[in-house]
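Just so you know, the sequences run in chain order A and B.
Counting in my numbering, the first sequence runs without a single skipped number right up to 440 at its last residue.
Counting in my numbering, the second sequence runs without a single skipped number right up to 1313 at its last residue.
Comments concern the structure below.
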Amino acid sequence: MAARVLVFLIQRLLLGVIVLLGVSVTVFALTHLGGDPAAALLPLNTPPEDVELFRKKAGLDQPLPVQYVNFLSHAVRGDFGQSFRYRQEAMGLILERLPATLKLAGLGMFFALLFALPFGIISGLNRGTYVDALSRVIVLLGQSIPGFWLAIVLILVFAVQLRWLPVSGSAGWQSLILPAIVVAVFPAATIARILRSSLINVMNRDYIRTARAKGLSPTPVVARHALKNAAIPVVTVIGFQVGVLLGGAVIAEVVFAYPGIGRLMIQSISARDVPVIQAFVAMTAIIVVSVNIFLDLIYGWLDPRIRF
Amino acid sequence: MLFKSSSVLRYMCLIVIVFALFACAPVAQPQPAAPAAPSQPTAAPAAEATTAPAPATAAPAAGPQGTLRVGLVTDAQSMDPHRVTQTAGEGVMKAMFDMLIERDFDGNLVPGLATSWTIVDDKTIEFKLREGVKFHNGEDFNADSVKFSLERMQKEELASPFRNNYSAVEEVEIIDPYTVRFKLSKTNAPLLDNLSAQLAMLPPKYTAEVGDAEFGLKPVGTGPFKFVEWVKDDHITLEANTEYWDGSFKGKPMVETVIFRPIPEASTRIAELTTGSLDLIQDVATDQAETVEKAGFKVDKIDVPQEAIVFFVTDVPDTPLNDVRVRQALNYGVDVDSLIQNVLRGYGTRLANPIGPLSLGYDPSIKPYPFDPDKAKALLTEAGYPDGFEVTIDATATDKTLTTEAVAGELAKIGVKANVRRVEPAQFNENWDHKNTSPMVAARWSGMFDPANFANFLVKSDGFLSRYNNPKADELVAKGAGVMDSDERAKIYGELGKLLYDDPMGIYLWLPENLYGVSPKVQGWRPHPRSYVMVSNTGVSE
Chain A
133 MAARVLVFLI
143 QRLLLGVIVL
153 LGVSVTVFAL
163 THLGGDPAAA
173 LLPLNTPPED
183 VELFRKKAGL
193 DQPLPVQYVN
203 FLSHAVRGDF
213 GQSFRYRQEA
223 MGLILERLPA
233 TLKLAGLGMF
243 FALLFALPFG
253 IISGLNRGTY
263 VDALSRVIVL
273 LGQSIPGFWL
283 AIVLILVFAV
293 QLRWLPVSGS
303 AGWQSLILPA
313 IVVAVFPAAT
323 IARILRSSLI
333 NVMNRDYIRT
343 ARAKGLSPTP
353 VVARHALKNA
363 AIPVVTVIGF
373 QVGVLLGGAV
383 IAEVVFAYPG
393 IGRLMIQSIS
403 ARDVPVIQAF
413 VAMTAIIVVS
423 VNIFLDLIYG
433 WLDPRIRF
Chain B
772 MLFKSSSVLR
782 YMCLIVIVFA
792 LFACAPVAQP
802 QPAAPAAPSQ
812 PTAAPAAEAT
822 TAPAPATAAP
832 AAGPQGTLRV
842 GLVTDAQSMD
852 PHRVTQTAGE
862 GVMKAMFDML
872 IERDFDGNLV
882 PGLATSWTIV
892 DDKTIEFKLR
902 EGVKFHNGED
912 FNADSVKFSL
922 ERMQKEELAS
932 PFRNNYSAVE
942 EVEIIDPYTV
952 RFKLSKTNAP
962 LLDNLSAQLA
972 MLPPKYTAEV
982 GDAEFGLKPV
992 GTGPFKFVEW
1002 VKDDHITLEA
1012 NTEYWDGSFK
1022 GKPMVETVIF
1032 RPIPEASTRI
1042 AELTTGSLDL
1052 IQDVATDQAE
1062 TVEKAGFKVD
1072 KIDVPQEAIV
1082 FFVTDVPDTP
1092 LNDVRVRQAL
1102 NYGVDVDSLI
1112 QNVLRGYGTR
1122 LANPIGPLSL
1132 GYDPSIKPYP
1142 FDPDKAKALL
1152 TEAGYPDGFE
1162 VTIDATATDK
1172 TLTTEAVAGE
1182 LAKIGVKANV
1192 RRVEPAQFNE
1202 NWDHKNTSPM
1212 VAARWSGMFD
1222 PANFANFLVK
1232 SDGFLSRYNN
1242 PKADELVAKG
1252 AGVMDSDERA
1262 KIYGELGKLL
1272 YDDPMGIYLW
1282 LPENLYGVSP
1292 KVQGWRPHPR
1302 SYVMVSNTGV
1312 SE
């Protein structure tokens, strides 16, 4: 068993590396498609000689494949080069701000599950009733509200009108609540929807009928038999939502002036600070890939039929 | 699954919105240039007396009190004044550092750490330095600091974005501890203005000891506030320098502590102001000014030298824009006043030519082209385009204050069908660099206190961004760059302005106004024409 898990893990890690390579090619291509980084970075009045000097120093005068290989060979060692804007290690800038974003994303995921589990379960167990209908409307709203708009409405209601929470910033746990709600809403709705349909599916299975027939009361039937079996697609979706959370953090961090990597990313994109963009994408990809590998391992526990 | 169209869309909306927040940065941000005001090249102590700040009414005898909380648009990239390029960060630098010469609230050049300066000849400037000034760490300010700071700026390893501005200074000669001379390799008129913008005075011993990188995290200057703490993207804290020298145009620190918070989203900044968590915010959008005022806060405004112009490409033969009558017609055909009212909600000042109201050489007797569509059509007919023509205007994808579509709408009324092509800022700059633009280009050119750079890059026919060709203008530009005396230069640029009015290089639009939201608790604060948020001489009442 242990050996098989190890083999599975190695397979997964190899796949992860391939995904990361793909990501690196894509981000490299994208950052070079949108115009010359030198033109974005230097003021418009920079004389052409100085622009050339800058390009040379930053290695931007090399052919693209050469630049890519250079980039990759440094990147595997965690070296993404110096930020053009901050003149500091790009990866260092990301790592400095990463804890703040992880805190936000973590609380966001907690909120998402806090919302998704009851809604998904109630909806799934009461299929077709008005409770289900209401819950589905709420979930649909959650999936379609733009985060940017929601963030501003939350500020106006809870910070400006009611004065319960600070408008923005990162002083104290209170300032985390509104941004965490913003990042949580979309994943919450998605998870609730999947949980509902998965639960409906499971509740019609024979083993549930058997469990009921042998006289189990509804609570253990749902808790012990139905939920565990309904959890597999939900876990898969949670894995996907990690990426969504990090994406949502970009919106929330900008609106709530929260000092995380999402905000750094937006600044770097507009300043075409290529090393930081690349370090950010690499870091995000690593997080998403690792979370998904971890979740793959959980499947085995959830469903003993799944063998590695 | 990961690429659900809804999440992709969300991303795209976000990026568009967020780019708009950074809109002011990438368009055309050359560093400003040269002296605007002192009619004599030597700023006498008399000038100092008049610019010394009046004691603020709120001044308690006990010294600095309370905390001033300021909302900025972005964080500073560094705490190293020789590297910071955005106005948000520059305001923070101005609180901690002083320059030899300063640009005051009215846009005049006034004494800073130099009590006076003399143009000895076209290649030599002499500075008399202020005595008894100490850096925050106790080091004395003197001629060594000047020499050190200038040479640091020129150093290749530092790679300062302003390095180019100081390349004309060949040598800093120390005459005595409080007198220095800059020897120039060639006349460099914008030098004085550059000195006032970036050449912060640094303590030589401390800087050498900690190194350039560390200095960017723990700065030491002579300014009214001392550095305390910088948490990136979250806040910068400064404390009052109670020993700040007398006679600075900045005035004394009136609060014990200043906290700067970078908040990119405009509505968030306003919410922070109206809930009382901030006292002063930068960059209130014109359409939100009313909200701020209704909430009981003040909106302070100031003209900034950032000229909005739709530039013409005139160097392509046999195109409509090649004809001066067409260029005039387009100026007659746009109702700029109504655009200022309707698009900028009145927060803008009309421009008659590029030598605008804040520029050296501004001539108020030149009135902007009146809105006269009949005259415009007549000129177009005369030039052989009775039915107008079709043209493309390039604009950056992010500029929110330069509403190119509105200009295009005006042009349509005189039969000129203008299509607006929105281009990503980096691509936009690159296109311009490579003379690869559409026939018209909408942009803002900042730093127009001194027209030298503008003239050099955009007016002179061989300027590297220029698409304009007028031999008489070339002559004037060369003349302007060849003298140091401001009076004479003002005259030359006045003439250039007249010429650019008669033979337009673009559709001249406006100078935008910068808006600030100010709490009624704040006293003595004034906006600065360079868009810095200056925090000294500003008190906060409880």
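Positions of the beta carbon are idealized from the N, C-alpha and C atoms, including for glycine.
Here the structure is a predicted model, which is why all the values come from computation and not from measurement.
Skipping 5 residues on each side, what residues in its chain have a beta carbon closer than 7 angstroms to that of residue i?
| i | result |
| --- | --- |
| residue 360(A) | 434 |
| residue 845(B) | 857, 859, 1033 and 1035 |
| residue 1226(B) | 1248, 1251 and 1267 |
| residue 999(B) | 1008, 1009 and 1010 |
State the DSSP-derived secondary structure class of residue i, mapped to helix, strand or coil.
| i | result |
| --- | --- |
| residue 1093(B) | helix |
| residue 1299(B) | coil |
| residue 1072(B) | strand |
| residue 1059(B) | helix |
| residue 1277(B) | strand |
| residue 389(A) | coil |
| residue 893(B) | coil |
| residue 870(B) | strand |
| residue 1211(B) | strand |
| residue 305(A) | coil |
| residue 1162(B) | strand |
| residue 169(A) | helix |
| residue 1233(B) | coil |
| residue 285(A) | helix |
| residue 296(A) | coil |
Please return the same chain residues whose Cβ sits closer than 6 angstroms to the Cβ of residue i, not counting the five positions on each side in sequence.
| i | result |
| --- | --- |
| residue 1097(B) | 1091 and 1154 |
| residue 151(A) | 421 |
| residue 1028(B) | 838 and 1010 |
| residue 363(A) | 434 |
| residue 1302(B) | 858, 1075 and 1285 |
| residue 259(A) | 332 |
Less than 8 angstroms between C-beta atoms, sequence neighbours within five positions excluded: which residues of the same chain meet that for residue i?
| i | result |
| --- | --- |
| residue 981(B) | 989 |
| residue 873(B) | 880, 881, 882, 883, 967, 1019, 1020 and 1021 |
| residue 947(B) | 914 |
| residue 1194(B) | 1165, 1166, 1167, 1168 and 1202 |
| residue 1013(B) | 834, 835 and 1024 |
| residue 382(A) | 394, 395, 397 and 398 |
| residue 1037(B) | 792, 1054, 1055, 1056 and 1059 |
State the CB to CB distance for the pair residue i and residue j, rounded to an integer number of angstroms; the pair is presumed to be in contact (CB under 8 angstroms).
| i | j | result |
| --- | --- | --- |
| residue 1187(B) | residue 1007(B) | Actually they do not touch by this definition, with Cβ atoms about 48 angstroms apart. |
| residue 1293(B) | residue 1050(B) | 5 angstroms |
| residue 374(A) | residue 418(A) | In fact, because the Cβ distance is near 11 angstroms, the residues do not count as touching under 8 angstroms. |
| residue 395(A) | residue 849(B) | Residue 395(A) to residue 849(B), Cβ: 17 angstroms. No contact. |
| residue 960(B) | residue 1255(B) | 6 angstroms |
| residue 1085(B) | residue 1238(B) | 6 angstroms |
| residue 239(A) | residue 308(A) | 6 angstroms |
| residue 978(B) | residue 986(B) | 5 angstroms |
| residue 1071(B) | residue 1298(B) | 5 angstroms |
| residue 983(B) | residue 929(B) | 6 angstroms |
DSSP puts residue i in a beta bridge; with which residues?
| i | result |
| --- | --- |
| residue 1305(B) | Partner(s): none; residue 1305(B) has no beta bridge. |
| residue 1287(B) | 1071(B) |
| residue 1030(B) | 840(B) and 1008(B) |
| residue 1051(B) | 841(B) and 1289(B) |
| residue 1082(B) | 1212(B) and 1277(B) |
| residue 1223(B) | Note: residue 1223(B) sits in no beta bridge, so no partner. |
| residue 478(A) | Any answer about residue 478(A) is impossible in this case: the structure gives chain A only from 133 up to 440. |
* Is the stretch 1138 to 1153 of chain B touching the stretch 1100 to 1112 of chain B, taking contact as three or more C-beta pairs under 8 angstroms? -> Touching, per the Cβ criterion.
* Asked: For the 8 angstroms Cβ check, are there 3 or more pairs between the stretch 925 to 940 of chain B and the stretch 997 to 1004 of chain B?
  -> Note that the stretch 925 to 940 of chain B does not touch the stretch 997 to 1004 of chain B; fewer than 3 beta-carbon pairs, one per stretch, sit closer than 8 angstroms.
* Should the stretch 1120 to 1140 of chain B be called in touch with the stretch 1276 to 1293 of chain B, which here means at least 3 C-beta pairs below 8 angstroms? -> A contact exists between the stretch 1120 to 1140 of chain B and the stretch 1276 to 1293 of chain B.
* Asked: Are the stretch 370 to 390 of chain A and the stretch 292 to 312 of chain A touching, with three or more C-beta to C-beta distances below 8 angstroms?
  -> Touching, yes.
* Counting Cβ pairs, one atom from each stretch, are 3 or more of them under 8 angstroms apart for the stretch 1270 to 1277 of chain B and the stretch 1227 to 1244 of chain B? -> Taking one beta carbon from each stretch, the stretch 1270 to 1277 of chain B and the stretch 1227 to 1244 of chain B have 3 or more pairs nearer than 8 angstroms; the two touch.
* Contact the stretch 142 to 161 of chain A vs the stretch 403 to 414 of chain A: 3+ CB pairs below 8 angstroms -> Yes, the stretch 142 to 161 of chain A touches the stretch 403 to 414 of chain A.
* Is it a yes or a no for the stretch 258 to 278 of chain A touching the stretch 314 to 324 of chain A, going by three-plus beta-carbon pairs under 8 angstroms? -> A contact exists between the stretch 258 to 278 of chain A and the stretch 314 to 324 of chain A.
* Is the number of C-beta pairs between the stretch 1131 to 1138 of chain B and the stretch 1252 to 1270 of chain B that are closer than 8 angstroms three or more? -> At 8 angstroms Cβ cutoff, the stretches touch.
* Is the number of C-beta pairs between the stretch 950 to 958 of chain B and the stretch 891 to 902 of chain B that are closer than 8 angstroms three or more? -> Because the criterion of three Cβ pairs below 8 angstroms is met, the stretch 950 to 958 of chain B and the stretch 891 to 902 of chain B touch.
* Is the stretch 348 to 360 of chain A touching the stretch 279 to 291 of chain A in the sense that three or more CB pairs, one from each, lie closer than 8 angstroms? -> Taking a contact to require three or more Cβ pairs closer than 8 angstroms, the stretch 279 to 291 of chain A and the stretch 348 to 360 of chain A do not qualify as touching.
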